[in-house]
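Heads up, the thing below is written out as structure tokens.
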Amino acid sequence: MQALYQRIQQFQNDKWGQNGEFFRKQEEIMKPVYEKINAAIKKVGEEERFDYIFDIVAGNIVYASPDQEDLTDLVVEELEKGLESSSKSSPRR
1 MQALYQRIQQ FQNDKWGQNG EFFRKQEEIM KPVYEKINAA IKKVGEEERF DYIFDIVAGN
61 IVYASPDQED LTDLVVEELE KGLESSSKSS PRR
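If you number the sequence shown the way this note's numbering does, the last residue is 93 and the count never jumps.
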């Protein structure tokens, strides 16, 4: 009986699990749709000269203009300023 239960669980996982047959087939079918959506988003972003387009439901950036400056170094610099000032103001024991 235990072996049968394990075979059923394995079958379910193979068919409907995270990397199962259903997931792979759905991904295969949806790939062209997602490619069209992404191409349309990119086209609108470029033509309308948007810097960013957000997916407000998922909270993701779906388009970012390639001309945007990378602000990482400026943010790190600002964070380091905050660390320097907080270490200077905190009392030593």
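Backbone N, C-alpha and C define an ideal beta-carbon position, used for all residues, glycine too.
Enclosing beta strand (DSSP E) for residue i [first to last residue]
i     : result
Asp55 : Tyr52 to Asp55
Asn60 : Asn60 to Ala64
Of the listed residues the options, nearest to residue i (C-alpha basis)
i     : options                      : result
Phe50 : Ile41, Ile37, Gln2 and Gln10 : Ile41
Lys43 : Ala64, Lys31 and Ile29       : Ala64
Ile61 : Glu47, Gln2 and Ile53        : Ile53
Ile37 : Gln9, Asn13, Asp55 and Ala3  : Asp55
Gln68 : Gly45, Lys25, Ile8 and Lys31 : Gly45
Same chain only: Cβ atoms within 6 angstroms of residue i, ignoring 5 sequence neighbours per side
i     : result
Thr72 : none
Beta-carbon contacts of residue i that lie in its chain and below 8 angstroms, excluding the five residues immediately before and after
i     : result
Gly17 : Phe23
Unbroken alpha helix (DSSP H) run spanning residue i, endpoints
i     : result
Asp14 : Gln2 to Trp16
Gln26 : Glu21 to Glu47
Residue i Cβ short of 6 angstroms to the ligand MG heavy atom set
i     : result
Ala58 : Among the components modelled here there is no ligand, and therefore nothing to report on the ligand MG.
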